[in-house]
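Every number in the numbering used here is 13 more than the matching position in the sequence shown, counting from 1.
No residue lacks a Cβ here, since even glycine has one placed at the ideal position from N, Cα and C.
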Amino acid sequence: MGSSTPELPRVRACLFDMDGLLIDSEDKYTCVTNTILNEYGKPNLPWSIKAQLQGRPAPQAGKIFHDWAKLPITPQEFLEKQAALQAQYFPLSQPLPGVMTLLSKLASTHITDHPVHVALATSSHRKNCQLKTDHLPDLFTTFPESQRVLGDDARIGKGRGKPLPDIYLLALETINTNLRAKGETEIKPEECLVFEDAVPGVEAGRRAGMQVVWCPHPGLLEAYQGREAEVLAGLTGQHKEEEKSAAEKESDELEAWRLQGAGSPGELDDGYAVLLRTLEDFPYEKFGIRPA
14 MGSSTPELPR
24 VRACLFDMDG
34 LLIDSEDKYT
44 CVTNTILNEY
54 GKPNLPWSIK
64 AQLQGRPAPQ
74 AGKIFHDWAK
84 LPITPQEFLE
94 KQAALQAQYF
104 PLSQPLPGVM
114 TLLSKLASTH
124 ITDHPVHVAL
134 ATSSHRKNCQ
144 LKTDHLPDLF
154 TTFPESQRVL
164 GDDARIGKGR
174 GKPLPDIYLL
184 ALETINTNLR
194 AKGETEIKPE
204 ECLVFEDAVP
214 GVEAGRRAGM
224 QVVWCPHPGL
234 LEAYQGREAE
244 VLAGLTGQHK
254 EEEKSAAEKE
264 SDELEAWRLQ
274 GAGSPGELDD
284 GYAVLLRTLE
294 DFPYEKFGIR
304 PA
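Here's what the structure looks like:
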C-alpha cells in the first residue's frame, strides 16, 4: 500500500455533499427516525446502523433500516410518518460551522487568476432538498443552478448512487460543460476536491479519482474509530464490483463521463484524502486554493 504523499494537483473544483456536510439535516433525519422508533418501543438509531444509511440512495438505505428496525408497520406506512415529520423538521436546517465562510472564500477566487468552481452532489431528492434549503438562499446561491446534481437526477442510472462515483463525475461534467461553452480548459477528476461527511460518499469520491475531505459527525467518527485510514482510501467495502449487473457494466461503456474515473478506490495513506473534524479554519493552501 502507498505510504508516501504525492504532489497533488492544484484544486480547481470543489464538489459538495449536502446533508450533514453543508447543513445539519442529518441530525433532523435522526430526530425523525427516533420519534417513529420510540413510538413503537424501539431504541434510538445507533451510529453503527446510521453510518450505513448516510449518503445512500433511498431504496438501499430503506432496506438496511427496515432489516434492522423490524417495525410492526409496512415500509409505506413508515414513509408516510417520516414524510410528515420531515416536513416539520427539515425547514429548521441550518448551515454547519465554517460552511458560509468556506463558500464565500471559494466564491472570491473568481476574481483571481485561479478560480475554483463549485457544484452540489447530493443523494437528496428535489422535494426534500427544497424543504431543507428554500429558507437558506444565501448558502445555496453559491451553486449555479446548472451545477446542482440531486439524487433523482435522470442522468444518474438506476442503482448508480453513492458509493458509486457517478454523481461526482456528473457534477464535474456540469462544471466542464460550462467551461467548454466559454472556451476554457476542462477540469480533470484529480483536480477536484470532494467534501463528504458520509462513508459511502468518501468512497464515491475516491472511485471518481478525486481528492476528498472527510468531515464526519462525531458519532460517525466514533463508529469508525481505528478505521479512519480505510475510510479515507474508500476501502470500507460499501460497494462490491461483482454486484453490478451486466446492464450497468454496459451502460458504463456507453457513458463517457462515467469512464473518467476508473472506479477503483484508493490506497491506504496515499495522501488523496484527509480527515477534518470541522470546516472551520479550512486549510486552503494545502489544496492550492487562493481566496481573494
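(message) For Ser61, tell me which candidate among Glu235, Ala246, Tyr102 has the shortest Cα-Cα distance.
(response) Answer by Cα proximity: Glu235.
(request) Compute the Euclidean distance between the alpha carbons of Leu281 and Ala100, then round it to the nearest angstrom. (result) Our two residues, Leu281 and Ala100, have alpha carbons roughly 41 angstroms apart in a direct line.
(request) Kindly indicate which three-state DSSP category Phe295 falls into: helix, strand or coil? (result) Coil.
(request) Run through the stretch 230-255 for me and flag every whole alpha helix (DSSP H) of 4 or more residues, listed as ranges in chain order. (result) As far as the stretch 230-255 is concerned, its whole alpha helix (DSSP H) runs of at least 4 residues are 231-236, 241-246.
(request) Measure the CB-CB distance between Glu204 and Val24 and report whether it falls below 8 angstroms. (result) At the C-beta level, Glu204 and Val24 come within 8 angstroms of one another.
(message) Suppose contacts are defined by Cβ-Cβ distances below 8 angstroms. Is Tyr237 in contact with Val212 by that definition?
(response) Yes. Within cutoff.
(request) Find out if the Cβ-Cβ distance for the pair Gly247, Glu216 is shorter than 8 angstroms. (result) For Gly247 and Glu216, yes; Cβs fall inside 8 angstroms.
(message) Looking only at its chain, what residues have a beta carbon closer than 6 angstroms to the beta carbon of Ala221, apart from the 5 residues adjacent to it on each side?
(response) Spatial neighbours of Ala221 in its own chain (CB-CB distance under 6 angstroms, excluding positions within 5 residues in sequence) are listed in chain order as Pro178, Tyr181, Leu182, Pro202, Gly274.
(request) State buried or exposed for Lys171, treating a residue as buried only when at least 16 other CB atoms are found within 10 Å of its CB. (result) Label assigned to Lys171: exposed.
(message) Just to confirm before moving on: does the CB-CB distance between Arg219 and Ala286 stay below 8 angstroms?
(response) A contact, by the Cβ cut-off of 8 angstroms.
(request) Please check the pair Phe28 and Ala184, which I expect to be a contact at CB under 8 angstroms, by giving their CB distance rounded to whole angstroms. (result) The question names Phe, yet the displayed sequence has Leu at residue 28. Rounded, the Cβ-Cβ distance is 5 angstroms, consistent with contact.
(request) At 4 residues or longer, and completely inside the stretch 100-125: list those alpha helix (DSSP H) runs for me, N to C. (result) List check, alpha helix (DSSP H) in window: 112-121.
(message) DSSP three-state label for Phe153, please.
(response) Phe153 sits in a helix when the DSSP states are folded into three classes.
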